[in-house]
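Below is one structure, written out as structure tokens, with a few remarks after it.
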Amino acid sequence: MSGKFIRNWLILPVVLLVLTSLWHLVIFSTNYNEHLPGIARMVDGAPAPLIVYFLLAHVLAAFGFLRFVPAVSGDTMSFMKNGMVMGWLTFGFFAILSHALFQNWTGWLMGMDIAFGTLCGIITGWVHSKIA
Numbered sequence: 267m268s269g270k271f272i273r274n275w276l277i278l279p280v281v282l283l284v285l286t287s288l289w290h291l292v293i294f295s296t297n298y299n300e301h302l303p304g305i306a307r308m309v310d311g312a313p314a315p316l317i318v319y320f321l322l323a324h325v326l327a328a329f330g331f332l333r334f335v336p337a338v339s340g341d342t343m344s345f346m347k348n349g350m351v352m353g354w355l356t357f358g359f360f361a362i363l364s365h366a367l368f369q370n371w372t373g374w375l376m377g378m379d380i381a382f383g384t385l386c387g388i389i390t391g392w393v394h395s396k397i398a
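Here the sequence shown stands for residues 267 to 398, where the numbers follow our numbering.
Okay, here's the thing in structure tokens:
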């Protein structure tokens, strides 16, 4: 792995974490708080402290973006388009599978996480086009 790849692997998880935090904890926090108690691991009424898993998932998603998006992208628009596809393959896959497997994973949660994957992929693709 090149130094540029490693540098970008440090940058993209931060981008993904910021986008995830904005979407889930700021913009749609009230909605997610209504839907998550039926499926989330809770401790004393708050989500369990599972930050290590949360961080690892974002590092792995960033690796997917770094490994596959540049290989099929040339200009900014193609990075954004392919980033959107990668968003569907990571967050969309997670959302659909979770809806299928977990009884209380509502259609709302699935739809919102697919929408998040779409927007997150486009933004991450754009950022990646600037640092690639």
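Here a beta-carbon is modelled for each residue, glycine too, at the ideal position from N, C-alpha and C.
Status (buried if at least 16 other CB within 10 Å, exposed otherwise) for residue i
i, result
"S395", "buried"
"A312", "exposed"
"S339", "buried"
"G349", "buried"
"V393", "buried"
"G377", "exposed"
"L367", "exposed"
Through-space distance from residue j to residue i, alpha-carbon basis
i, j, result
"P336", "W354", "16 Å"
"G304", "L288", "22 Å"
"H365", "L326", "21 Å"
"M308", "S268", "41 Å"
"H301", "W371", "8 Å"
"Y298", "A398", "34 Å"
"L332", "F360", "19 Å"
Three-state class that DSSP yields for residue i in the structure shown
i, result
"A314", "coil"
"V335", "coil"
Residue of the options minimising C-alpha distance to residue i
i, options, result
"H324", "A314, G387, I293 and I397", "G387"
"F294", "F359, D379, F368 and L367", "D379"
*asked:* Taking 8 Å as the cut-off, does the segment 339-349 touch the segment 276-293 (at least 3 CB pairs, one atom from each stretch)?
replied: no
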